[in-house]
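Below is one structure; the comments refer to it alone.
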Amino acid sequence: MDSRQRGFTLIEMMVVVAIIGILAAIAYPSYTNYVKRTQRAAVVEQMGEMAQAAERYYTRNGGKYTDFAPLAANTYYSFTFTVNNASAWTLTAAPRPGTLMAGDVCGTFKLENTGARSNIDIASGTSPATCWGR
């Protein structure tokens, strides 16, 4: 009768755990970068929808933006709609503190009624065109 033990040794298990740890260390940053790119695209889309809603509101209300509040809910960004004068507005989307997007290289997105797009607090070496997906 063969009385050999069958199974894994502790060293074999430690090697497997180390390999899984290395793979996770490589995969997690790639995953978070993917999620950040997705959230940037989502906020740009939401800002475009809000800009269209603002222009429809302006047309329907005799050239006024008073009482316009198109601010959608977003987990990662907080929106601010500012009326600059009777016919001009600025829409900003700032990353919410404590979320994945806090400290993002694109900073705060800014869209004006003229269609001008820019970023506030953008990291050096980052192009606004990259952030806006153009």
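Sequential numbering of the sequence shown, starting at 0, is according to numbering that gives the first Met the number 0.
Just so you know, even glycine gets a beta-carbon here, dropped at the ideal spot from N, CA and C.
Can you tell me where the alpha helix (DSSP H) with A26 in it begins and where it stops?
The sequence position of residue 26 within the sequence shown is 27, counting from 1. That run of the alpha helix (DSSP H) goes L9 to R59.
Round the Cβ separation of I119 and C130 to the nearest angstrom and send it over; I've been treating them as touching at under 8 Å.
Start at 1 with the first residue of the sequence shown, and residue 119 comes out as number 120. Start at 1 with the first residue of the sequence shown, and residue 130 comes out as number 131. Contact flag wrong, Cβ pair sits at about 11 Å.
Candidates R39, R36 and F67: closest to Q51 by CA position:
Translated into positions along the sequence shown, residue 51 becomes position 52. The shortest C-alpha separation from Q51 is found at F67.
Give the range of the alpha helix (DSSP H) segment to which T129 is assigned.
Within the sequence shown, numbered from 1, the residue matching residue 129 stands at position 130. Note, T129: alpha helix (DSSP H), P127 to W131.
Assigned exposure category for V34 - 16 Cβ within 10 Å defines buried
The residue given as residue 34 occupies position 35 in the sequence shown. With fewer than 16 other Cβ atoms within 10 Å, it is exposed.
Between I25 and I19, what straight-line distance do the alpha-carbon atoms span, to the nearest angstrom?
As a first step, residue 25 is located in the sequence shown; it is residue number 26 there, counting from the start. As a first step, residue 19 is located in the sequence shown; it is residue number 20 there, counting from the start. For I25 and I19, the distance between alpha carbons rounds to 10 Å.
CB of T74 within 9 Å of CB of T81, strictly
As a position in the sequence shown, residue 74 is number 75, starting the count at 1. As a position in the sequence shown, residue 81 is number 82, starting the count at 1. No. Outside cutoff.
Continuous beta strand (DSSP E) stretch holding T74: start and end
Taking the sequence shown and counting its residues from 1, one reaches residue 74 at position 75. Segment: none, T74 is in no beta strand (DSSP E) and carries neither H nor E.
Write down the C-beta distance between R5 and C105 rounded to the nearest angstrom, noting that I regard them as a contact closer than 8 Å.
Here residue 5 is taken as the residue at index 6 of the sequence shown, counted from 1. Here residue 105 is taken as the residue at index 106 of the sequence shown, counted from 1. With 8 Å as the limit, R5 and C105 do not qualify as a contact, their Cβ atoms being about 55 Å apart.
Based on the DSSP output, what are the partners of N112 in its beta bridges?
For the purposes of this step, residue 112 is identified with residue 113 of the sequence shown, where counting begins at 1. In DSSP, N112 forms no bridge with anything.
Determine the direct distance from the alpha carbon of A41 to that of M100, and round the result to whole angstroms.
Walking along the sequence shown from the start, residue 100 turns up at place 101. Walking along the sequence shown from the start, residue 41 turns up at place 42. About 12 Å.
Mind checking whether V70 and T58 have CB atoms under 9 Å apart?
As a first step, residue 70 is located in the sequence shown; it is residue number 71 there, counting from the start. As a first step, residue 58 is located in the sequence shown; it is residue number 59 there, counting from the start. First, the amino acid is wrong: residue 70 is Leu here, not Val. Their beta carbons are not under 9 Å apart, which means L70 does not touch T58 by this criterion.
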